[in-house]
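Trainee: Counting in my numbering, the sequence shown runs from 168 upward without gaps. Pasting a structure here, questions to come.
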Amino acid sequence: MTTLVKSVQRLTFEHKLVLGYDTTMRFSQLFTKTRHEAPKDEVSKNAQLLIRGGFIHKEMAGVYSYLPLGLRVLKKIKIIIREEMNAVGGQELILTALQEQKIWEKVGRWDDEKVDVWFKTKLKNNVELGLGFTHDEQLVNLLTEYISSYRDLPLYVYQIQTKFRNELRAKSGIVRGREFVMKDLYSFNRTEEEQDEFYEKIKVSYMNVFSRCGIADRTYFTFSSGGTFSQYSNEFQTISDAGEDIIYLDANKRIAVNREIMDDKVLSDLGLRKEDLTEEKAIEVGNIFKQGTKFTDPFSMSYKDEQGEKKSVVMGGYGIGVTRLMGTVVEVLSDERGIVWPVEIAPFQYHLIELGGANPSVRERVLATYQALTEQGFEVLYDDRDESAGVKFADADLLGIPTQIIIGEKTLDEGDGIVEVKDRKSGEGGYINIQEILQS
Ligand code: ATP
Ligand code: MG
168 MTTLVKSVQR LTFEHKLVLG YDTTMRFSQL FTKTRHEAPK DEVSKNAQLL IRGGFIHKEM
228 AGVYSYLPLG LRVLKKIKII IREEMNAVGG QELILTALQE QKIWEKVGRW DDEKVDVWFK
288 TKLKNNVELG LGFTHDEQLV NLLTEYISSY RDLPLYVYQI QTKFRNELRA KSGIVRGREF
348 VMKDLYSFNR TEEEQDEFYE KIKVSYMNVF SRCGIADRTY FTFSSGGTFS QYSNEFQTIS
408 DAGEDIIYLD ANKRIAVNRE IMDDKVLSDL GLRKEDLTEE KAIEVGNIFK QGTKFTDPFS
468 MSYKDEQGEK KSVVMGGYGI GVTRLMGTVV EVLSDERGIV WPVEIAPFQY HLIELGGANP
528 SVRERVLATY QALTEQGFEV LYDDRDESAG VKFADADLLG IPTQIIIGEK TLDEGDGIVE
588 VKDRKSGEGG YINIQEILQS
């Protein structure tokens, strides 16, 4: 039976701080309700399930609000990303969404012909502003005030921030938003070699992020177009029917090529053979770019080396679609009953289901269990509602919390300290002593 007990990280002080201390929740207090049907105009699976579970609210196509359950998931994904970015030396900051025209003109990206996703707005005096769809220009402009010497480099900064993009099509739920959360990290190095070293490191941290979010087994390092001064850029593509990209995958080598650049020359370049590749739909959950001096030169971002010689700063950009990642997890890990959250990003680790709470002995056992779990630092959603077992089980399966703990009159007959547990993913279940969880 011990296989039913997952290894769950207890909430640390930092986690509680980020999550706002509320480690537990009574279902009856949650203002969101589960729904049988998603809105008629919502065609994507991720948004349908997230709306039905009360994780998000659709404002309009491509624009979603995050409700308490959804926000918990989002915060946990951000914790993971922060831990991984800090581990490679990233310093977190946050830049503004409102940006000045003149900054964007430096690299020629203010023009609507060049950038087709702009949202622009105006001050009262008619001066135009842009709502940031990325932050390369603004960050380089800012950092020119701080970087002047080789001693200031390397520098790695990142933010987790809301981007605005007037996407032509926004039919993929939170996988393609018009307002969405992105993690964007930028590297500033003295030399290309120094950047190459960092590039290798961040590849690993990206896979760590995807692994902790439960999708590493179907996420592939992919070669794509672009990159200034480097032949390719790289994407992290997650195989999914909901994907908008087509990739050609070598499953043995665990690398893929985006259709955009697929040709014989590229294949021979990468040492791949056509007959080893399968065509797959995939979602781009992240990408990494070597940008050379495309942004740094126009802003005259340079440094003096040890000999006092002036040199250009070598830059890179590294994105993860944070809300897209959440949507991708839902797309690829859900089943016919609902969402299946990986334990590290689940809104709660345990879903405590009370059956027949009108019976005082049941209520007493449930409350004792709830308290014991809470005191141990576990996060618990307690379904204290006066609903049928069928409704509660269906809701629990829809919400996708990894482990369900069920207590009813039948459980009491099994003896002191015994609870029924059920694994959301496998459906496997049985009776265990609650101590097995408390001491896990
Ligand atoms: P796509 O080709 O899907 O439009 P992109 O190449 O425009 O993506 P970037 O500008 O490099 O993407 O952004 C970095 C990351 O942000 C992407 O890898 C993706 O995960 C995420 N992202 C991009 N656009 C969106 C969007 N509209 N909604 C949600 N996430 C997005
Ligand atoms: Mg795009």
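All C-beta atoms in this analysis are idealised placements derived from N, C-alpha and C, irrespective of residue type, glycine included. From a predicted model like this one, the values you see are computed outputs, not experimental measurements.
For the segment 529–543 against the segment 246–253, do three or more pairs of beta-carbon atoms, one drawn from each stretch, fall closer than 8 Å, so that the two count as touching?
Mentor: Output reads no: the segment 246–253 does not touch the segment 529–543.
Trainee: What residue range is occupied by the uninterrupted alpha helix (DSSP H) comprising Asp431?
Mentor: Asp431 to Leu437 is the span of the alpha helix (DSSP H), which, as asked, contains Asp431.
Trainee: Grouping DSSP H, G and I as helix and E and B as strand, with all else coil, what is Lys592?
Mentor: Of the three classes helix, strand and coil, the one that applies to Lys592 here is coil, per DSSP.
Trainee: Taking buried to mean at least 16 other C-beta atoms within 10 Å of its own C-beta, is Met168 buried or exposed?
Mentor: Note that Met168 scores a pLDDT of 43, beneath 50, so its modelled location is shaky; the value from the coordinates is reported in the next line. Counting Cβ neighbours within 10 Å, Met168 comes out exposed, since fewer than 16 surround it.
Trainee: Shorter than 6 Å, the distance from the beta carbon of Arg332 to the closest heavy atom of the ligand ATP, or not?
Mentor: Yes - the ligand ATP has a heavy atom lying nearer than 6 Å to the Cβ of Arg332.
Trainee: Does the ligand ATP have a heavy atom nearer than 6 Å to the CB of Arg343?
Mentor: Answer for Arg343: yes, Cβ within range of the ligand ATP.
Trainee: Which residue from Gly257, Ile414 and Gly275 puts its Cα closest to that of Phe466?
Mentor: It is Gly275 whose Cα lies nearest to the Cα of Phe466.
Trainee: Kindly give me the distance between the Cβ atoms of Leu306 and Val324, rounded to whole angstroms, as I take these residues to be in contact under 8 Å.
Mentor: Confirmed, Cβ separation roughly 7 Å.
Trainee: Kindly indicate the opening and closing residues of the alpha helix (DSSP H) around Tyr366.
Mentor: It spans Glu359 to Arg379 - the alpha helix (DSSP H) in which Tyr366 sits, taken as one unbroken run.
Trainee: Just to confirm the assignment: which complete alpha helix (DSSP H) runs, minimum length 4, are found wholly within the segment 203–249?
Mentor: Entirely contained in the segment 203–249, the alpha helix (DSSP H) runs reaching 4 residues are, in chain order, 212–219.
Trainee: When you compare the CB positions of Ala449 and Gln404, do they come within less than 7 Å of one another, or not?
Mentor: It is a contact, given that the beta carbons lie within the stated cut-off.
Trainee: Within 8 Å, do at least three Cβ pairs link the segment 430–442 to the segment 464–478?
Mentor: Contact fails: fewer than three Cβ-Cβ distances are below 8 Å.
Trainee: Helix, strand or coil, according to DSSP, for Leu310 in the structure here?
Mentor: Three-state DSSP puts Leu310 in a helix.
Trainee: On the DSSP bridge list, what partners appear for Glu346?
Mentor: In DSSP, Glu346 forms a bridge with Phe331.
Trainee: Suppose you measure from the CA of Tyr485 to the CA of Gly410; what does that come to, to the nearest Å?
Mentor: Cα to Cα, the separation comes out at about 20 Å.
Trainee: Short check: CB of His302 to CB of Leu262, under 7 Å?
Mentor: Going by C-beta atoms, His302 is nearer than 7 Å to Leu262.
Trainee: Can you give me the Cβ contacts of Arg379 inside the same chain, cut-off strictly under 6 Å, excluding the 5 residues immediately before and after it?
Mentor: So the list reads Ile247 and Glu511, once near-sequence residues are dropped.
Trainee: Per DSSP, Tyr353 is paired with what?
Mentor: In DSSP, Tyr353 forms a bridge with Val324 and Gly484.
Trainee: Taking a contact to mean a Cβ-Cβ separation below 7 Å, would you say Ser400 touches Ser391 in this structure?
Mentor: Contact flag set, yes.
Trainee: By alpha-carbon positions, which one of Val240, Gln266 and Phe300 ends up nearest to Glu346?
Mentor: Considering only alpha carbons, the answer is Phe300.
Trainee: In three-state terms, what does DSSP make of Asp502?
Mentor: Strand, per DSSP.
Trainee: Report the rounded CA-to-CA distance for Lys291 versus Leu309, giving the unit in angstroms.
Mentor: The alpha-carbon atoms of Lys291 and Leu309 are separated by roughly 25 Å.
Trainee: Can you say whether Thr536 is buried or exposed, counting buried as having 16 or more other CB atoms within 10 angstroms of its CB?
Mentor: Burial call: buried.
Trainee: Hey, how far is the Cα of Arg343 from the Cα of Arg332?
Mentor: C-alpha separation (whole angstroms): 9 Å.
Trainee: Would you tell me roughly how many angstroms separate the C-alpha atoms of Arg421 and Phe365, rounded to the nearest one?
Mentor: Using only the alpha carbons, I get a separation of about 21 Å.
Trainee: Could you compute how far the alpha carbon of Gly524 sits from the alpha carbon of Arg177?
Mentor: When rounded, the distance between both Cα atoms is 27 Å.
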